[in-house]
Amino acid sequence: MTNRTVINTDRSKGSINRNIYGHFSEHLGRCIYEGIWVGEDSDIPNTQGIRNDVLEALRKLNLPVLRWPGGCFADEYHWRDGIGPRETRKRMINTHWGGVVENNHFGTHEFLLLCELLGCEPYINGNVGSGTVQEMQEWVEYMTFDGESPMANERQANGREEPWKVSYFGVGNENWGCGGNMRPEYYADLYRRYQTYVRNYGDNRIFRIACGASDFDYNWTEVLMREAARFMDGLTLHYYTIPHNWQRKGSATDFETSEWFETLRKALVMDELVQKHSTIMDKYDPQKRISLIVDEWGTWYDVEPGTNPGFLYQQNTMRDALVAAATLHIFHNHCDRVRMANIAQTVNVLQAVILTEGARMTVTPTYHVFDMFQVHHDAEALDINHQAASYSLNGASIPQTSVSASRGKDGVIHVSLCNLSHDEPAEITLELRGLTQQTIGALSLSGTLLQGNALNAHNTVEQPEEVSPSELTSIEQHEDGTIRVTLPPASVAVLRAG
Ligand code: AHR
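Those letters in the sequence shown? Residues 1 to 498, per full-length UniProt numbering, in order.
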């Protein structure tokens, strides 16, 4: 099958905001507790309670931004329960996720410490569903007020002298559902009211994020933009890729070829969603001041057999690597409007980049995609014209390949490529327009390839290297300057041309 891509190296589509590579960590299952927080007294090596192996793996990804504490948990979270001496913190029931006791040991100080250790921006999601305006106002004051104030004094008494820098603040989560079952008109008014008290103290400037739609709910976006656009900097979108349906989602590892295809077909729906929500936003915000923030995305399968259904723990295979790569390409392509995205969720939940089991951990195929694609962080997206061969199964068709290209600040061009086909290799011919023949001839070409020995290849703590990147060897440069890359079935690659 032939796939042909023209890369217009002299035409930029804008910058790929590194925040598109953001993550989401909720008080859900084993994401925060065990996955990130083990406590200072744990036998698992840790830095002030945060496990070192996970810290090290996340540092390697250069995580730009991390969203917390939820999710549905955010609209039941009362931040004051998570400050002060840990042993006296209030315990609560995590009603959404398994009905387990939440001891609040991981709170504001611990989360902001994690962000400092990772060198990433915090994205805090406030409580509109069951919280008060005063509570939200005081949280922002507690974190960011520099000087003498009741909240700043309390923060200092709890051991933090300097205010933190908090750039991103979400005013509610899924307020059309778990965040209060509101109508868009009602939420739009509440949003206007709550955000008024999310104040900028001192030099801290908060980027205010309104709760947006799920999937195809275009009316929610319309109403929010019509009623509240001037009060927001970002509007969210949530979309999960589910092979079947909410009742029977399908297994993460034990799947048929038809489920492979269907998962990828559904992942590609992200393109339509981003386009259509953006078109509505364009109507009210033609200058594209407001960002579309896809702060929950990824695959959602049935939980691993024998695990707590409320913990959303699933394995992660080459199928997830393809979903991640193709979705990130969609975000690159819409980088003029999509300026942040947060995969759900960082550790042990849904499409995680890390899985832990007690003291052991492994990184997933999705982790490797985020690692390989780091070259796109803040790079200039190049205009491309990609003609993909067709990948068909049971009467349906999707493109066999997905390609994205960017130029880094050092001038190096990176092209990321995926072959979605489960059984056919893909030959992709790349033509770099806008460069002289001499420059093209002098390019040094190299690359990295991610593939598995089966469609459901995955890593476990026993076999953490089952899926790991290798050198991309199938690169040929022709006399006319075109480059040909052959990708094995079900694989992701990044080509470096510099
Ligand atoms: O990521 C899991 C859940 O999915 C989040 O808590 C919620 O916002 C969404 O429905």
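In this text, a Cβ means the ideal position worked out from N, Cα and C, and glycines have one as well.
All of these numbers come straight from a predicted model, not from anything done at the bench.
Exercise for the section: Check the C-beta distance from residue 503 over to Trp176 and give it rounded, since I have them as a contact under 8 Å. Expected result: Nothing can be reported for residue 503, as the shown portion of the chain is limited to 1 through 498.
Practice task
State yes or no: is the C-beta of Thr346 within less than 8 Å of the C-beta of His109?
Solution key: Taking the first residue of the sequence shown as 1, we reach residue 346 at position 346. Taking the first residue of the sequence shown as 1, we reach residue 109 at position 109. No, these two residues do not count as a Cβ contact at 8 Å.
Problem - Contacting residues, own chain, Cβ-Cβ under 7 Å from Ser278 (five flanking each side not counted) - result: Indexing the sequence shown from 1 puts residue 278 at position 278. Take Ser278, set aside five residues on each side of it, and the residues of its chain with a beta-carbon closer than 7 Å to its own are Leu292, His334, Arg337, in chain order.
Problem - Extent of the continuous beta strand (DSSP E) run through Gln387 - result: In the sequence shown, residue 387 corresponds to position 387, counting from 1. From DSSP, the beta strand (DSSP E) with Gln387 extends over 380 to 387.
Exercise for the section: Examine ligand 2 and report whether any of its heavy atoms sits within less than 7 Å of the Cβ of Leu350. Expected result: Ligand 2 is not part of this structure, which contains only ligand 1.
Exercise for the section: Answer yes if the segment 61 to 79 comes into contact with the segment 6 to 21, meaning at least three C-beta pairs across the two stretches below 8 Å, and no otherwise. Expected result: yes
Problem - Between the CA atoms of Ala229 and Glu256 - distance to the nearest angstrom - result: Within the sequence shown, the letter at position 256 stands for residue 256. Within the sequence shown, the letter at position 229 stands for residue 229. C-alpha separation (whole angstroms): 44 Å.
Problem - Extent of the continuous alpha helix (DSSP H) run through Leu455 - result: Taking the first residue of the sequence shown as 1, we reach residue 455 at position 455. Note, Leu455: premise wrong, no alpha helix (DSSP H); not H, not E.
Practice task
Please look up how many angstroms separate the CB atoms of Ala325 and Val492, rounded, as I've assumed it's under 8 Å.
Solution key: Numbered from its first residue, the sequence shown carries residue 325 at position 325. Numbered from its first residue, the sequence shown carries residue 492 at position 492. Ala325 to Val492, Cβ: 4 Å. Contact.
Practice task
Per DSSP, which residues does Phe207 bridge with? Please list them.
Solution key: As a first step, residue 207 is located in the sequence shown; it is residue number 207 there, counting from the start. Answer by DSSP bridge pairing, in chain order: Tyr168.
Problem - Delimiting residues of the beta strand (DSSP E) encompassing Trp68 - result: The residue labelled residue 68 in the question sits at position 68 within the sequence shown. Going by DSSP, Trp68 is part of the beta strand (DSSP E) stretching over 65 to 68.
Practice task
Assuming Thr299 contacts Val54 (C-beta within less than 8 Å), just tell me the rounded distance between them.
Solution key: Within the sequence shown, the letter at position 299 stands for residue 299. Within the sequence shown, the letter at position 54 stands for residue 54. Between Val54 and Thr299 the Cβ distance is about 21 Å, and since that is not below 8 Å, they are no contact.
Problem - Other residues of its chain near Gly250: CB distance less than 7 Å, five sequence neighbours each side excluded - result: Reading the sequence shown from its first residue, position 250 is the one you call residue 250. Excluding sequence neighbours, Gly250 sits near Pro243, His244, Glu259, Tyr301, Asp302.
Problem - Cβ distance (whole Å) where Asp75 is taken to contact Asn173 below 8 Å - result: The residue labelled residue 75 in the question sits at position 75 within the sequence shown. The residue labelled residue 173 in the question sits at position 173 within the sequence shown. Indeed they touch by this definition, with Cβ atoms about 6 Å apart.
Exercise for the section: Mind checking which residues open and close the alpha helix (DSSP H) that includes His376? Expected result: Here the question's residue 376 lines up with position 376 in the sequence shown. Annotation for His376: no alpha helix (DSSP H) segment contains it, and DSSP assigns it neither H nor E.
Exercise for the section: May I ask you to check if the CB of Leu273 is nearer than 7 Å to at least one heavy atom of ligand 1? Expected result: Along the sequence shown, one-based indexing puts residue 273 at 273. It does not: the Cβ of Leu273 is nowhere closer than 7 Å to a heavy atom of ligand 1.
Handout entry: Cβ neighbour criterion (16 or more within 10 Å) applied to Gly411
Key = In the sequence shown, the residue the question calls residue 411 occupies position 411. Under this definition Gly411 is an exposed residue.
Exercise for the section: At 3 residues or longer, and completely inside the segment 283 to 362: list those beta strand (DSSP E) runs for me, N to C. Expected result: Given a length threshold of 3 residues, each whole run of the beta strand (DSSP E) inside the segment 283 to 362 is given here in chain order: 291 to 299, 338 to 344, 354 to 357.
Practice task
With hydrogens ignored, establish whether the beta-carbon of Tyr173 is closer than 7 Å to any heavy atom of ligand 1.
Solution key: Locating residue 173 in the sequence shown gives position 173, where the first residue counts as 1. The displayed chain sequence assigns Asn, not Tyr, to residue 173. Result yes, Cβ under 7 Å from ligand 1.
Problem - Touch test, the segment 446 to 455 against the segment 386 to 396, Cβ-Cβ under 8 Å, three pairs minimum - result: no
Handout entry: Best match in Phe145, Asn8, Asn127 for proximity to Phe73 [C-alpha to C-alpha]
Key = For the purposes of this step, residue 73 is identified with residue 73 of the sequence shown, where counting begins at 1. Of Phe145, Asn8, Asn127, the residue nearest in Cα terms is Asn127.
Problem - Cut-off 7 Å between Cβ atoms - residues of its own chain near Phe158, not counting five sequence neighbours on either side - result: For the purposes of this step, residue 158 is taken as the residue at position 158 of the sequence shown. Note that residue 158 is Asn in the sequence shown here, rather than Phe. Leaving aside the five residues that flank Asn158 on each side, the residues in its chain whose CB is nearer than 7 Å to its CB run, in chain order, Ile83, Gly84, His109.
Practice task
Please classify Trp97: does DSSP put it in a helix, a strand, or coil?
Solution key: Counting from 1 along the sequence shown, the entry for residue 97 is found at position 97. Three-state result, Trp97: coil.
Exercise for the section: Answer yes or no: do Pro167 and Ile206 have a C-beta to C-beta separation smaller than 8 Å? Expected result: As a working note, residue 167 is residue 167 in the sequence shown. As a working note, residue 206 is residue 206 in the sequence shown. It is Ser, not Pro, that sits at residue 167 in the sequence shown. Yes, Cβ-Cβ distance for Ser167 and Ile206 is below 8 Å.
Practice task
For Ile290, collect the residues of the same chain with a Cβ closer than 7 Å to its Cβ; drop the 5 residues on either side in sequence, then sort them by chain order.
Solution key: Walking along the sequence shown from the start, residue 290 turns up at place 290. By the criterion of a C-beta distance shorter than 7 Å, Ile290 is surrounded in its chain by Ala229, Met232, Asp233, Gly234, Leu235, Met281, once the five residues flanking it on both sides are discounted.
Handout entry: Same chain only: Cβ atoms within 6 Å of Val403, ignoring 5 sequence neighbours per side
Key = Position 403 of the sequence shown, counted from the start, is the residue given in the question as residue 403. Here the set comprises Thr5, His386, Leu417.
Handout entry: Contact test: Gly35 Cβ vs ligand 1 heavy atom, cutoff 7 Å
Key = Along the sequence shown, read from residue 1 onward, the residue named residue 35 stands at position 35. The answer is no for Gly35.
Problem - Cβ pair count under 8 Å reaching 3, the segment 96 to 108 against the segment 308 to 315 - result: yes
Practice task
Decide if His376 is buried, meaning its Cβ has at least 16 other Cβ atoms within 10 Å, or exposed.
Solution key: Taking the first residue of the sequence shown as position 1, residue 376 is located at position 376. So His376 counts as buried.
Handout entry: Minimum length 4: unbroken alpha helix (DSSP H) runs contained in the segment 21 to 82
Key = Counting only runs of 4 or more, we get 52 to 60.
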